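Residue numbers (the working numbering): 38 to 240. All C-beta atoms in this analysis are idealised placements derived from N, C-alpha and C, irrespective of residue type, glycine included. These numbers were taken from a predicted model, which means no experiment stands behind them. Okay, structure first, notes after.
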């Protein structure tokens, strides 16, 4: 009788341990799936923000006094013409890295600035996503005889890229077009005639 009770106790303990382990594995699996879903939604947010800001970017053509877009592999700034804002502002994307967090992609709004080459001391900043792999910006510029060339810098900003992409590791996660081909300020000054000449071309 005692042997039977001991056997039952051992069997019950074994079942409890197996159920606990299975529950722990399920929780770990659910957490991993949740993190993957969050990462996907974070990339969607980053794409939407980048598309909203870059979709209407323009400069003043070859005679520009200030840069409308300036970008490197880790920093991208542009003049944003937001309909909800009374005046344009500088929108900035920045990649920062640390041992604890990895790589962080943030978006910042620099109110009162009209030149993408400069930034304010206290912008309104939001974190879009974090990654354990490096994050980089890359820009597509037109090139005669080819679909274009990807570069990690925009140069002095007098020519706009045709697209902007965000890389994570060796994978391109986000690609958005830059639609503008005619400078808005130049078109406003010269009128419809600007459409038929290269005087107001931004690339």
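Next on the checklist: Taking 7 Å as the limit between beta carbons, can you name the residues of its chain near residue 171, skipping five residues before and five after?
Outcome noted: 140 and 206
Checklist entry - Counting along the chain, where does the beta strand (DSSP E) carrying residue 105 start and finish? => result First-last for residue 105: undefined, no H or E at that position.
Item to check | C-alpha gap between residue 186 and residue 87, whole angstroms | outcome: 20 Å
Item to check | residue 137 versus residue 145 - alpha carbon distance | outcome: 22 Å
Item to check | Per-residue burial, residue 160 [other beta carbons within 10 Å of its own, 16 or more giving buried] | outcome: buried
Next on the checklist: Would residue 215 and residue 80 qualify as a contact pair, given that the criterion is a beta-carbon distance under 8 Å?
Outcome noted: no
Checklist entry - Just to confirm, are residue 76 and residue 106 a CB contact at a threshold of 8 Å? => result no
Item to check | residue 232 burial status per 10 Å Cβ neighbour count (16 or more: buried) | outcome: exposed
Checklist entry - Any idea what DSSP makes of residue 165, helix, strand or coil? => result strand
Checklist entry - Can you name the start and end residues of the beta strand (DSSP E) that residue 142 belongs to? => result 139–147
Next on the checklist: Suppose contacts are defined by Cβ-Cβ distances below 8 Å. Is residue 123 in contact with residue 143 by that definition?
Outcome noted: no
Checklist entry - Between the beta-carbon of residue 129 and the beta-carbon of residue 173, is there less than 8 Å? => result no
Next on the checklist: Using the three-state DSSP reduction, which class does residue 113 fall into: helix, strand or coil?
Outcome noted: strand
Item to check | Through-space distance from residue 121 to residue 108, alpha-carbon basis | outcome: 25 Å
Item to check | CB-CB length for residue 177 against residue 83, believed under 8 Å | outcome: Residue 177 to residue 83, Cβ: 18 Å. No contact.
Checklist entry - Which partner residues of residue 26 appear in the DSSP bridge assignment? => result Since the first residue shown for the chain is 38 and the last is 240, residue 26 is missing from the structure and cannot be characterised.
Item to check | Spatial neighbours of residue 190 in its chain, beta-carbon cut-off 6 Å, leaving aside the 5 residues before and after | outcome: 109
Item to check | Distance, residue 118 Cα to residue 94 Cα | outcome: 7 Å
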